[in-house]
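Residue numbers (this note's numbering), protein chains in the order written: chain X, 1499 to 1978; chain D, 1499 to 1978. Idealized CB from N, CA, C, for every residue including glycine. Worksheet: the structure to be examined is printed underneath.
There are 2 protein chains.
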Amino acid sequence: MSNEDKNFVKEVTNIEEDFAKWYTDIVLKADLADYTGTKGCIAIKPYGYAIWENIQKYADELFKKNGVKNVYFPVLIPESLLQREKEHVEGFAPEVAMVTEAGGKNLDEKLCIRPTSETMFCDLYAKWLSSWRDLPFVYNQWCNVLRWEKETKPFLRSREFLWQEGHTIHETKEEAENRTLQMLEIYADVIENLLAIPVLKGRKTEKEKFAGAEATYTVETLMHDGRAIQAGTSHYFGQNFTKPFDVKFQNRYGKEEYAYQTSWGISTRLIGAVIMAHGDNRGLKLPPRVAPIQVVVVPVMMNKDGVKEKATEVYEKLRDEFRAEVDLRDNYTPGYKFNDWELRGVPVRIELGPRDIENNVCVMVRRDTLEKQTVSLDEVNNKLKELLEDIQKNMYAQCEKIREERTTTATNLDEFVKNLEEKQGYIKTMWCGDTACEDKIKELTGAHSRCIPFKQEKIGNKCVCCGKNATTMVVWGRQY
Amino acid sequence: MSNEDKNFVKEVTNIEEDFAKWYTDIVLKADLADYTGTKGCIAIKPYGYAIWENIQKYADELFKKNGVKNVYFPVLIPESLLQREKEHVEGFAPEVAMVTEAGGKNLDEKLCIRPTSETMFCDLYAKWLSSWRDLPFVYNQWCNVLRWEKETKPFLRSREFLWQEGHTIHETKEEAENRTLQMLEIYADVIENLLAIPVLKGRKTEKEKFAGAEATYTVETLMHDGRAIQAGTSHYFGQNFTKPFDVKFQNRYGKEEYAYQTSWGISTRLIGAVIMAHGDNRGLKLPPRVAPIQVVVVPVMMNKDGVKEKATEVYEKLRDEFRAEVDLRDNYTPGYKFNDWELRGVPVRIELGPRDIENNVCVMVRRDTLEKQTVSLDEVNNKLKELLEDIQKNMYAQCEKIREERTTTATNLDEFVKNLEEKQGYIKTMWCGDTACEDKIKELTGAHSRCIPFKQEKIGNKCVCCGKNATTMVVWGRQY
Chain X
1499 MSNEDKNFVK
1509 EVTNIEEDFA
1519 KWYTDIVLKA
1529 DLADYTGTKG
1539 CIAIKPYGYA
1549 IWENIQKYAD
1559 ELFKKNGVKN
1569 VYFPVLIPES
1579 LLQREKEHVE
1589 GFAPEVAMVT
1599 EAGGKNLDEK
1609 LCIRPTSETM
1619 FCDLYAKWLS
1629 SWRDLPFVYN
1639 QWCNVLRWEK
1649 ETKPFLRSRE
1659 FLWQEGHTIH
1669 ETKEEAENRT
1679 LQMLEIYADV
1689 IENLLAIPVL
1699 KGRKTEKEKF
1709 AGAEATYTVE
1719 TLMHDGRAIQ
1729 AGTSHYFGQN
1739 FTKPFDVKFQ
1749 NRYGKEEYAY
1759 QTSWGISTRL
1769 IGAVIMAHGD
1779 NRGLKLPPRV
1789 APIQVVVVPV
1799 MMNKDGVKEK
1809 ATEVYEKLRD
1819 EFRAEVDLRD
1829 NYTPGYKFND
1839 WELRGVPVRI
1849 ELGPRDIENN
1859 VCVMVRRDTL
1869 EKQTVSLDEV
1879 NNKLKELLED
1889 IQKNMYAQCE
1899 KIREERTTTA
1909 TNLDEFVKNL
1919 EEKQGYIKTM
1929 WCGDTACEDK
1939 IKELTGAHSR
1949 CIPFKQEKIG
1959 NKCVCCGKNA
1969 TTMVVWGRQY
Chain D
1499 MSNEDKNFVK
1509 EVTNIEEDFA
1519 KWYTDIVLKA
1529 DLADYTGTKG
1539 CIAIKPYGYA
1549 IWENIQKYAD
1559 ELFKKNGVKN
1569 VYFPVLIPES
1579 LLQREKEHVE
1589 GFAPEVAMVT
1599 EAGGKNLDEK
1609 LCIRPTSETM
1619 FCDLYAKWLS
1629 SWRDLPFVYN
1639 QWCNVLRWEK
1649 ETKPFLRSRE
1659 FLWQEGHTIH
1669 ETKEEAENRT
1679 LQMLEIYADV
1689 IENLLAIPVL
1699 KGRKTEKEKF
1709 AGAEATYTVE
1719 TLMHDGRAIQ
1729 AGTSHYFGQN
1739 FTKPFDVKFQ
1749 NRYGKEEYAY
1759 QTSWGISTRL
1769 IGAVIMAHGD
1779 NRGLKLPPRV
1789 APIQVVVVPV
1799 MMNKDGVKEK
1809 ATEVYEKLRD
1819 EFRAEVDLRD
1829 NYTPGYKFND
1839 WELRGVPVRI
1849 ELGPRDIENN
1859 VCVMVRRDTL
1869 EKQTVSLDEV
1879 NNKLKELLED
1889 IQKNMYAQCE
1899 KIREERTTTA
1909 TNLDEFVKNL
1919 EEKQGYIKTM
1929 WCGDTACEDK
1939 IKELTGAHSR
1949 CIPFKQEKIG
1959 NKCVCCGKNA
1969 TTMVVWGRQY
């Protein structure tokens, strides 16, 4: 083992000791992103961006199958537009970045960099909408947004981030509500089937809902350390924005009516969720379906006759079917390379040395379990296909297991606090529906209500906080 | 003919009478884009954005085949970074939009919204680069940029636009120069093979080159009215930025050296070029390969038994192989629909009425020539495939013909002015290489040098302006 090898794994902070430090180690050392000269904004590097491209591709195909059309609207929103809906501006004004000078002059009106685009969409929808026949508008944009966060963390909370924001208007309340839930199901599909993270679906409480929405629905995910990430949200606005923005149409009965609106988004924050849900002490662990590199061929004793050539041959057969790489770097040892590709979370590594070649085999190593198996070189592609499917399933199962282990119930505050201290995670409780209880729990424990799950259970019948009669079951947890 | 039909085509301004007005008519009426409440910024609507998505897909695949990796870097650049390269800041400072307030406070340092990202890339490359083994960095981002133009025009000159900007650094001058030209060839491929517009390849003069570049290469295109559009540019920077930004590495011989840099970009301006290069009095005319809808089935006498069903059946067979639509709107006449789809530039329309169905045929109408042909319903897909290929070729040929007709030569200024007045277009002349002559020609005629073409010809041997000995042949033209 060279010096490089010995020190390599040590460089990543132990996941059990300091999860936050482990996380930023992975972000930097797996080459996903880096800090920049613009405070609070990251540079997404090729390996990190390729994960985002795979998420985009998968989600965008689902969107299009479900009637969503892509558009692009301005990044700058006149201040007066942003201010037209009262709750919305209260929610976002403190985080907005303002353009006040342009082309060497002070502007007459300040321009906000979009923190989200409900206002811009409503302004244009008002211009384009006249009859019920024009409806629905089901538009989406993939773009950058800015929110001036005080504390930032790569991917999870960055001042600038990439996302998609869908904004739709509809003829009826029912249609809009259905669209809100339809998009939530699509997000659940992306997160569960592509990212191998199980989601908890539900509705946000009044306190936690989006500024200006009637209802916010969420897909919640639980990380390795038991903190939650809100992985995607879908909002139903009713006519909250369409009234102040005058988005109206002549309905089927010849009467003027305001349209019913939704919006929904997922962002590069999902990359943070993938890291935190799956990673371990060796580094990143990527689900095969979203991994930019699904398999890497690492030759052993590369300078022996024919090894490089055979490794290249195996790689060339793989690359038609998989996202494959071959590591022919001559300034690193195989040991260093193994560690390096594990750190980067590549689902399968193929090791190939002179003796393997003699026996017409190679060794396949899974990143999720680190299991090794010897595979005939005639069956590499078939075996890999099976293996990747199995890894995808296993990673989901592992994640679900962690979630189960970290989900508890509580019927009073003592139990709540004790659970959270002993095993941070989701806590299921009954709730009276009063924001005061939510505030108290947050103050006492740092936990937010994650959501009112669609799948309700009965954990007694009293509010965990005030002991009064409960209306619903809520899931709580600390969050990123 | 209903009233709607009669007025429909008239609404588009005649292309020969007022080309500028015709252009904005097409942009608005073909639903490509619209003006917004943010002055100088447009909203790209679904139909316009789908064109951009097709351009992105085609170009991005070529990029990736050629070793380009995508990244995403911050939209905000600290003012001090932008100012570090002298020529660059002089070129861009007058057009920059500035964020001065964020999160409710005045910023200590102003942040520029990127007008282009050479400075941000150099700053990060300096951080990441240490050895020749790290090189090259061949990174690209698809993103929005802002340039505070005084006069704007949808797609062609918008304050905010979408583009890709590639930024690379290399170990040697030769490698960087090769990359500059390699990307220019890729742009030529996109524009000629996808957009069916012939390009003129060459090098920009000192006057016209990018602020801070050693050399700028361009692919120039000629529009229907004889004005030119710079459709894509590729820049070689040498060490102009890498020195002030300290982007250095240890070379193969153990010495410190500054990297050699390139950048290259194409933008949503290409949508403007497609409109202006191909359109006619009926509206937009889209090359099949980039058309969001390649074929539309329009039933005639839709309420007769079986017509709607047959039209749907034909559409369903088409949509597996082509980007197809069926127009079943019940509040428009077939005549209106024909006009509408012509305005939107759909390459082929299929008309299908009761008599056609009886005879097991349909009528295919090409948008480029308006020729009609009767086709057996058993051969629709095969015939359409042929037809689309033929349309793509023919549109390129038509565009090339216009360019030939609008290309003249001049050996003195009188001839130059006369040519430009009689038939606006490209003018080939010899040139002494002096910027003073370029300035004089611009002042006198409004024409800029388009480029010094790679394919040189001899148009005499004296400069068209000063009459002194000429060094090169230059192509001139008025521009958008």
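- Contact annotation: D/V1643 and D/R1612 have beta-carbon atoms nearer than 7 Å.
- Runs of the beta strand (DSSP E) lying entirely within the region 1644 to 1673 of chain X, each at least 3 residues long, are 1658 to 1668 in chain order.
- Secondary structure of D/T1678 (DSSP, three-state): helix.
- The alpha-carbon separation between D/K1651 and X/K1648 amounts to approximately 38 Å.
- With a cutoff of 7 Å on beta-carbon distance, X/Y1734 and X/H1668 are scored as not near each other.
- Chain order gives the chain X residues near D/W1646 as A1600, G1601, where near means a beta carbon separation below 7 Å.
- Taking all protein chains in view, the Cβ of D/G1538 is crowded by 16 or more other Cβ atoms within 10 Å, so the residue is classified as buried.
- A check of alpha carbon separations from X/V1594 across D/V1594, D/L1605, D/E1593 identifies D/L1605 as the nearest.
- DSSP, reduced to helix, strand and coil, places X/N1738 outside both helices and strands of the structure shown, so it counts as coil.
- Per DSSP, the unbroken alpha helix (DSSP H) holding X/V1587 starts and ends at 1584 to 1590.
- Residue-level contact by beta carbon holds for D/V1573 and chain X, with a gap shorter than 7 Å.
- Residue-level contact by beta carbon holds for D/Y1547 and chain X, with a gap shorter than 7 Å.
- Ranked by how close their Cα comes to the Cα of X/K1705, the residues X/T1933, X/K1881, X/K1699, X/T1872 have X/T1933 in first place.
- Annotated three-state conformation of D/N1967 is strand, per DSSP.
- If the five residues before and after X/F1743 are omitted, its C-beta is found closer than 8 Å to the C-beta atoms of R1582, E1583, T1617, C1620, D1621, Y1623, A1624, all from its own chain and listed in chain order.
- The distance from the Cβ of D/K1815 to that of D/N1858 is about 14 Å, inconsistent with a contact at the 8 Å cut-off.
- Shown here for X/K1921: same chain residues with a beta carbon closer than 8 Å to its own, the five before and five after excluded, namely G1724, E1903, R1904, T1906 in chain order.
- Close to D/K1567, with beta-carbon spacing below 7 Å, are these residues of chain X in chain order: P1544.
- Of the residues assessed, X/G1700 falls on the buried side of the cut-off, its CB having 16 or more other CB atoms within 10 angstroms.
- In the three-state reduction of the DSSP assignment, X/F1747 falls in the strand class.
- By alpha-carbon distance to X/G1931, the top candidate from X/N1910, X/M1971, X/P1951, X/N1917 is X/M1971.
- Sixteen is the threshold: when 16 or more other Cβ atoms of the shown chains lie within 10 Å of the Cβ of D/G1770, as they do, the residue is buried.
- Within chain D, the residues G1601, G1602 have their CB atoms less than 9 Å from the CB of X/P1592, given in chain order.
- Only those residues of the region 1547 to 1562 of chain D whose C-beta falls short of 8 Å from the nearest C-beta of chain X are listed: Y1547, A1548, W1550, E1551.
- DSSP, reduced to helix, strand and coil, places X/S1578 within a helical segment of the structure shown.
- Using a Cβ-Cβ cut-off of 7 Å, D/Y1834 does not count as an interface residue toward chain X, since no Cβ of chain X sits closer than that to its own.
- When C-beta atoms of the region 1882 to 1889 of chain X are compared with those of the region 1674 to 1691 of chain X, fewer than three pairs fall below 8 Å, so the two segments do not count as touching.
- Listed along the chain, the chain D residues whose CB falls inside 9 Å of the CB of X/T1760 amount to none; the nearest CB is some 17 Å away.
- Your pair X/Y1533 and X/I1524 does not check out as a contact, with CB atoms roughly 14 Å apart and the cut at 8 Å.
- Runs of the beta strand (DSSP E) lying entirely within the region 1599 to 1641 of chain D, each at least 3 residues long, are 1603 to 1611 in chain order.
- Counting C-beta pairs closer than 8 Å gives fewer than three between the region 1772 to 1785 of chain D and the region 1668 to 1681 of chain D, which falls short of the contact rule.
- Rounded to the nearest whole angstrom, the CA to CA distance from D/M1893 to D/D1866 is 7 Å.
- Taking 7 Å as the cut-off, the beta carbon of X/G1975 is found no closer than this to the beta carbon of X/M1928.
- The shortest CA-to-CA distance from X/I1939 to any of X/P1832, X/K1603, X/T1909, X/P1790 is the one to X/T1909.
- Restricted to the region 1891 to 1923 of chain D, the beta strand (DSSP E) segments that are unbroken, complete and at least 3 residues in length are 1905 to 1907, listed in chain order.
- The beta carbon of D/Q1737 lies closer than 6 Å to those of Y1756 in the same chain, with the five residues before and after it left out.
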